[in-house]
Amino acid sequence: MPKRKNEESVESLSKRLKELERYLNIARRIRRSSESSSSSTSSSSTPSSKSEQIISDYQKVEYGWLYTKQMERVKYLNLLGHDDYNRFMNIPDTLLSDFNWWLNALRTPSHRIKVDYFSIEIFSDASTTGWGAACGNQTASGRWSKKECTLHINQLELLAAFFALKIFAKNCHDCQILLRVDNTTAISYINRMGGIQYPHLTKVTKDLWQWCESRKIFVVASYIKSSDNVTADIESRRSHPDIEWEISLDGYQKLIKTFGNPNIDLFASRINKKCDLYVSWNRDPDAYAYDAFTIKWAGFFFYAFPPVAIILKALRKIISEKAEGIMVVPDWPTQPWYPVFMNLVVSKIIRLNPNHIIISNSSNRNIKSSVTLVAGVLSARRCCSAASLLPR
Numbered sequence: 249m250p251k252r253k254n255e256e257s258v259e260s261l262s263k264r265l266k267e268l269e270r271y272l273n274i275a276r277r278i279r280r281s282s283e284s285s286s287s288s289t290s291s292s293s294t295p296s297s298k299s300e301q302i303i304s305d306y307q308k309v310e311y312g313w314l315y316t317k318q319m320e321r322v323k324y325l326n327l328l329g330h331d332d333y334n335r336f337m338n339i340p341d342t343l344l345s346d347f348n349w350w351l352n353a354l355r356t357p358s359h360r361i362k363v364d365y366f367s368i369e370i371f372s373d374a375s376t377t378g379w380g381a382a383c384g385n386q387t388a389s390g391r392w393s394k395k396e397c398t399l400h401i402n403q404l405e406l407l408a409a410f411f412a413l414k415i416f417a418k419n420c421h422d423c424q425i426l427l428r429v430d431n432t433t434a435i436s437y438i439n440r441m442g443g444i445q446y447p448h449l450t451k452v453t454k455d456l457w458q459w460c461e462s463r464k465i466f467v468v469a470s471y472i473k474s475s476d477n478v479t480a481d482i483e484s485r486r487s488h489p490d491i492e493w494e495i496s497l498d499g500y501q502k503l504i505k506t507f508g509n510p511n512i513d514l515f516a517s518r519i520n521k522k523c524d525l526y527v528s529w530n531r532d533p534d535a536y537a538y539d540a541f542t543i544k545w546a547g548f549f550f551y552a553f554p555p556v557a558i559i560l561k562a563l564r565k566i567i568s569e570k571a572e573g574i575m576v577v578p579d580w581p582t583q584p585w586y587p588v589f590m591n592l593v594v595s596k597i598i599r600l601n602p603n604h605i606i607i608s609n610s611s612n613r614n615i616k617s618s619v620t621l622v623a624g625v626l627s628a629r630r631c632c633s634a635a636s637l638l639p640r
């Protein structure tokens with residue numbers, strides 16, 4: 249009996265090795281062809297049936313389905329008008345990273361057993377103006393950029409789901425998450441890890457799943473009626489007047505040409521940030537942190553264009569932490585914070601006229617015509633007398 253079991257184990261192992269070698273040979277061939285094509289004008293090629301072999305066995309490798317969608321589209325386009333699976337097809341360089349993923353994945357294939365248990369449940373929604381999300385008693389929202397406003401609602405729904413994940417699941421690892429979405433196309437693309445008909449939807453889906461893959465997260469999208477998705481829907485239509493103004497790119501370039509490049513934007517959002525590293529006022533999918541007053545400013549050369557209501561609070565923090573950076577404020581000499589600002593300036597003053605102000609919230613646009621801005625480098629390390637000017 250032990251001998252028979254041993255023979256079965258050897259046979260199973262042999263079968264698995266042959267299967268693995270089959271994939272590795274395909275991947276190596278594609279990689280060699282793609283690498284050689286960099287010094288040649290000809291494209292690499294392989295029979296459609298070879299691509300089909302990888303696609304058909306995606307279920308044996310976790311996240312494998314994600315790395316078949318571009319292959320499926322290339323296969324589909326090559327098979328249009330004929331059904332010859334033995335016909336050679338051109339392999340674009342864009343597929344090289346997917347084949348390399350398979351080459352690495354098949355060395356140690358794995359596929360965890362999924363259970364009907366979810367660590368968290370996240371709701372998301374998109375409107376024509378913004379996105380919204382909810383998880384438990386927490387919410388998040390934001391506006392679309394001008395470019396994003398031109399996208400189809402299906403793509404916006406996928407982006408909203410992705411943003412919701414990045415906010416509420418950023419500390420999750422090795423778990424399953426339930427996404428509640430009211431758009432059936434978005435649900436299909438998430439659960440099927442992409443599609444072949446709409447590359448722009450597959451691109452967002454791939455970004456979402458690669459973010460999950462890096463954290464060993466598996467998500468399941470489930471339908472919820474729009475009438476039941478109330479919180480996320482309300483959040484998707486919320487305006488943010490305090491963070492929806494900024495200086496123009498020309499105005500910002502004028503500042504950094506004089507003062508140098510800051511390394512963090514303390515009062516920003518995803519769509520108006522001036523630095524790659526930024527702090528949002530509300531929950532934001534890509535922010536370093538949210539609420540600038542919860543982090544230390546010392547150690548950064550910051551850029552700050554704070555809402556008027558918190559300028560004095562920002563100046564207090566600069567003084568208390570002996571921080572240094574570029575600050576932009578309205579040129580309002582009668583305000584109690586104005587002498588404190590001027591006393592902290594250790595550079596020349598730059599004035600920006602109203603044309604350098606961008607306000608995206610219509611209710612605040614009447615402010616623009618009457619506001620001139622002043623900017624300078626502020627430093628509590630090089631100025632010791634500003635604290636005495638702070639209002640009591």
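Residues 249 to 640 (the numbering used here) are what the sequence shown spells out, left to right. Each residue gets a CB set at the ideal place from its N, CA and C atoms; glycine is no exception.
Rounded C-alpha distance that separates residue i from residue j
{"i": "S484", "j": "S462", "result": "28 Å"}
{"i": "V527", "j": "P533", "result": "11 Å"}
{"i": "S496", "j": "H604", "result": "5 Å"}
{"i": "L314", "j": "R391", "result": "29 Å"}
{"i": "K596", "j": "I606", "result": "24 Å"}
{"i": "K544", "j": "A535", "result": "15 Å"}
{"i": "I465", "j": "I425", "result": "7 Å"}
{"i": "D579", "j": "V619", "result": "7 Å"}
{"i": "C383", "j": "T398", "result": "28 Å"}
{"i": "A562", "j": "F549", "result": "14 Å"}
{"i": "F366", "j": "P602", "result": "51 Å"}
{"i": "K394", "j": "F553", "result": "21 Å"}
{"i": "H330", "j": "D513", "result": "55 Å"}
{"i": "L456", "j": "T342", "result": "18 Å"}
{"i": "N348", "j": "A628", "result": "52 Å"}
{"i": "L525", "j": "A480", "result": "27 Å"}
{"i": "L344", "j": "A537", "result": "35 Å"}
{"i": "S487", "j": "W379", "result": "11 Å"}
Reduced DSSP secondary structure (H/G/I, E/B, other) of residue i
{"i": "E483", "result": "helix"}
{"i": "F410", "result": "helix"}
{"i": "C460", "result": "helix"}
{"i": "F371", "result": "strand"}
{"i": "W580", "result": "coil"}
{"i": "T387", "result": "strand"}
{"i": "E310", "result": "coil"}
{"i": "L399", "result": "coil"}
{"i": "A417", "result": "coil"}
{"i": "M441", "result": "coil"}
{"i": "N511", "result": "coil"}
{"i": "G329", "result": "coil"}
{"i": "L525", "result": "coil"}
{"i": "R321", "result": "helix"}
{"i": "Y471", "result": "strand"}
{"i": "S618", "result": "coil"}
{"i": "W493", "result": "strand"}
{"i": "W350", "result": "helix"}
{"i": "A434", "result": "helix"}
{"i": "F366", "result": "coil"}
Buried or exposed (CB count within 10 angstroms, at least 16 for buried), residue i
{"i": "I472", "result": "buried"}
{"i": "D332", "result": "exposed"}
{"i": "T453", "result": "buried"}
{"i": "A557", "result": "exposed"}
{"i": "P581", "result": "exposed"}
{"i": "Q318", "result": "buried"}
{"i": "Y500", "result": "buried"}
{"i": "Y324", "result": "exposed"}
{"i": "F410", "result": "buried"}
{"i": "N402", "result": "buried"}
{"i": "F515", "result": "buried"}
{"i": "R531", "result": "buried"}
{"i": "N334", "result": "exposed"}
{"i": "V363", "result": "exposed"}
{"i": "K565", "result": "buried"}
Beta carbon of residue i nearer than 8 Å to that of residue j
{"i": "R360", "j": "P447", "result": "no"}
{"i": "L560", "j": "W529", "result": "no"}
{"i": "L600", "j": "L621", "result": "yes"}
{"i": "E569", "j": "V625", "result": "no"}
{"i": "V594", "j": "A623", "result": "no"}
{"i": "L404", "j": "A381", "result": "no"}
{"i": "N439", "j": "V468", "result": "yes"}
{"i": "L449", "j": "Y437", "result": "yes"}
{"i": "A388", "j": "I368", "result": "no"}
{"i": "N352", "j": "M337", "result": "no"}
{"i": "S372", "j": "A412", "result": "yes"}
{"i": "I598", "j": "K502", "result": "yes"}
{"i": "N370", "j": "A408", "result": "Just to set this straight, residue 370 is Ile in the shown sequence, not Asn. No, they are not a contact pair."}
Residue i beta carbon near the ligand SAM (any heavy atom closer than 7 Å)
{"i": "R391", "result": "What this structure holds is no ligand at all, so the ligand SAM is not there to describe."}
Go through the region 529–582 residue by residue and report every complete run of the beta strand (DSSP E) that reaches 3 residues or more, in order.
549–552, 572–578
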